[in-house]
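Worksheet: the structure to be examined is printed underneath.
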Amino acid sequence: MSVRSVQLSSSPLLASKTPVWRSKFIVAAIAVGFMGLVGRAAYVQVIANDFFLHQGEVRFARTLLLPANRGRVLDRNGLLLASSVPAPSIWANPEDMDRDPVKLRELARLLQMSPVDLEKKLKDDEKTFVWLRRQMDESVVKDILALNIKGIYHIKEYKRLYPEGEAAAHIVGFTNVEDQGQEGVELVFQKQLAGKAGSRRVIKDRLGRVVEAVGETIAPEDGQDLQLSVDSKVQFFAFQKLREAVEENKAKAGSVVVLDSQSGEVLALANYPSYAPDKRVNLSGEQLRNRALTDTFEPGSTMKPFTVSLALEKGIVKPETPIQTAPGKITITGSTISDAHPHGVLTVNEVIQKSSNVGTVKMAMQLQPREMWEIFTQVGLGQKPQLPFPGMTGGRVRPYKTWRPIEQATMSYGYGISASLFQVARAYTMFARDGEVVPATLMKTEHQVAGTRVISVETARAMRKMLQMAAGPGGTGPKAQTMGYSVGGKSGTAHKQEGKGYASKKYRGFFVGLAPIDAPRIIVAVMIDEPSNGKHFGGDVAAPVFSQTVQQTLRLMGVQPDMAVKPQIVTQAVEESF
């Protein structure tokens, strides 16, 4: 078979002449495109190299935080008040999830959530990160990882444990899920306790897996331990007795403060109601409030010893000076001040023992307002305590230049001024330290601190004898007597303010005192808010808590009894004037 040859020139299309400029244009266009590619490559590789490297890192490089272990909070004896334990958290990458129904049901069970709730968390499959549960038990996390579900990961975290629970909650406070302090010591010393997180730079693939470590790993710096002045055993006992008193008296709340009178250390600071720091579901402000520091009130008769000590210091009276209190009433600029019962002639000692308003006012009206204002402020009233604690209040003592005579009179027995229970407790260091007021501290200290002298040694010792009488038979606080130890103190009962006046049937009962009487080691202040079970005087509702706390605290401190160890005769308390 013959093959017919094809002549290219026979095709009109191929036979047509191509203009020279067209071929040159095509070659030029290819050359320009090539130069553009070369220029772009140079731009990417040389000129803008840093930018594109950064963009690559943004997409694939990650900085993994290496959490620091939060410092421990210890009591004065080294016992734990707060510590951190490993608590891994589980997270998921919905975009890369293995959605095996059987495995997901088991995952939901281990996460303690319903399959429906788990599905809601994972429904957005465009997300690459979602928390499933934070701070879980390590054993549960191991079971979850054993399911081998693609897209489920864990991360190392810590959670806080509080061995003393609600007993020490208002001192220690708590942290949130991010391990940031929210209340109490945990908040105040956040920087010291938290330490500094470390970091590790890695390259991750599209599935979130680490494929390469880059750069230097910075190790975490663990937080510092913090040792408080608090004795956890004293704290627990004080809280326990306070709770019993609040419940027995059907009261709204209560507080206890225990101070070391020599060093100013806070040995206990308890409030009720309280809360469990690691179980904070449905917490209320009533539970969270550190009442001993944040709540102010008119301290009532607990202020009488300061007025009387000033009168002694100024030489106006002596302990045996007689004062006529009959007929149990006194009128100041049209306003009448009364005693609970008329007493007739009382010595200055007996004015404190019987808690006579009339006797106290008669001494106060011989003093200058400035002198009373000075002693109130010198013992710390009207000033915020120098404690590193959130929410503290300074109370109120108005400038003396504005005092009217009736106001001077009522302030002498604790009305018209306001203070927190902690402030009153610290003020009583003046009597325990032979006339010196010492600064209070929440940190453990090994030495006796210097105080600021307010009254003489002789006046302070005379006042201690009066306080001993007030806490003994015939006084307003015989229920404060303690087996084996001599005590002295002053009860107080104050109407609660309501609006612009006072509630007729709402009271606060107090007792503030010290022990042993000749060489005081501790000061204990107790407040019971709104007792409503038939008793409301401080000598009835607060003094028993004082007695029990003193005995336990001095025993734990190793202080030898200074009295025969036998039950003290407790007589009916004299009703207080208020």
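First residue of the sequence shown? That's 1456 in this note's numbering, and the numbers climb one at a time after it. All residues carry an ideal CB built from backbone N, CA and C; glycine is no exception.
TODO: Return the chain-ordered list of same chain residues with a C-beta closer than 8 Å to the C-beta of residue 1689, the five sequence neighbours on each side being excluded.
DONE: 1713, 1722, 1723, 2004, 2007, 2008 and 2011
Open item on the list: Below 8 Å on the Cβ atoms is my contact criterion, and I expect residue 2000 with residue 1696 to pass it. Report the Cβ-Cβ distance as a whole number of Å.
Closed with: 5 Å
- [ ] Can you say whether residue 1994 is buried or exposed, counting buried as having 16 or more other CB atoms within 10 angstroms of its CB?
- [x] buried
TODO: Between the Cα of residue 1566 and those of 1555, 1591, 1554 and 1811, spot the shortest distance and give me the residue it belongs to.
DONE: 1591
Open item on the list: Pop quiz: residue 1755 and residue 1948 are said to be a contact at Cβ under 8 Å. What is the actual Cβ separation, rounded to whole angstroms?
Closed with: Confirmed, Cβ separation roughly 6 Å.
Task: Pairwise C-alpha distance: residue 1882 and residue 1569 - done: For residue 1569 and residue 1882, the distance between alpha carbons rounds to 57 Å.
Open item on the list: Let me make sure I understand the geometry here. Which of 1523, 1875 and 1972 has the alpha-carbon closest to that of residue 1675?
Closed with: 1523
Task: Rounded separation between residue 1603 and residue 1494 - CA only - done: In this structure, the straight-line span from the alpha carbon of residue 1603 to that of residue 1494 is close to 49 Å.
- [ ] Could you name the residues that DSSP lists as bridge partners for residue 1779?
- [x] 1800
TODO: Flag this pair as yes or no: are the beta carbons of residue 1715 and residue 1684 separated by less than 9 Å?
DONE: yes
Task: Three-way DSSP call (helix, strand, coil) for residue 1825 in this model - done: The answer is helix: DSSP assigns residue 1825 an H, G or I state.
Task: Unbroken beta strand (DSSP E) run spanning residue 2001, endpoints - done: Residue 2001 -> not in any beta strand (DSSP E); alpha helix (DSSP H) instead, spanning 1998-2011.
TODO: State buried or exposed for residue 1991, treating a residue as buried only when at least 16 other CB atoms are found within 10 Å of its CB.
DONE: buried
- [ ] Could you check how far apart the C-beta atoms of residue 1890 and residue 1912 are, in whole angstroms? I think they sit under 8 Å.
- [x] 5 Å
Open item on the list: By the DSSP assignment, the beta strand (DSSP E) with residue 1585 in it spans what residues?
Closed with: 1585-1588
Task: Residues of its chain near residue 1717, where Cβ-Cβ distance is below 6 Å and the 5 sequence neighbours each way are ignored - done: 1903
Open item on the list: Once DSSP output is grouped into helix, strand and coil, what is the label at residue 1859?
Closed with: DSSP, reduced to helix, strand and coil, places residue 1859 outside both helices and strands of the structure shown, so it counts as coil.
Open item on the list: In whole angstroms, give me the CA-to-CA distance for residue 1885 and residue 1620.
Closed with: 33 Å
TODO: Could you check which residue in 1746, 1732 and 1738 has the C-alpha nearest to that of residue 1415?
DONE: This structure cannot speak to residue 1415, because the chain is shown only from 1456 to 2033.
Task: Among 1549, 1474, 1610 and 1748, the one whose alpha carbon lies nearest that of residue 1847 - done: 1748
Open item on the list: Taking the beta carbon of residue 1926 as the centre, do at least 16 other beta carbons fall within 10 Å, making it buried, or is it exposed?
Closed with: buried
Open item on the list: Whether or not the region 1797-1806 and the region 1771-1788 are in contact is what I'm after, with contact meaning three or more pairs of Cβ atoms, one per stretch, closer than 8 Å; do they touch?
Closed with: yes
Open item on the list: Using the Cβ count rule (16 or more neighbours within 10 Å means buried), how would you classify residue 2035?
Closed with: Residue 2035 falls outside the range modelled here, since the chain spans only 1456 to 2033, and no answer is possible.
Open item on the list: Here's the rule: buried if 16 or more other CB atoms are within 10 angstroms of the residue's CB, otherwise exposed. What is residue 1812?
Closed with: A buried status is given to residue 1812, since no fewer than 16 other beta-carbon atoms sit within 10 Å of its beta-carbon.
TODO: Specify, as a first and last residue, the run of the beta strand (DSSP E) that residue 1545 falls within.
DONE: 1544-1547
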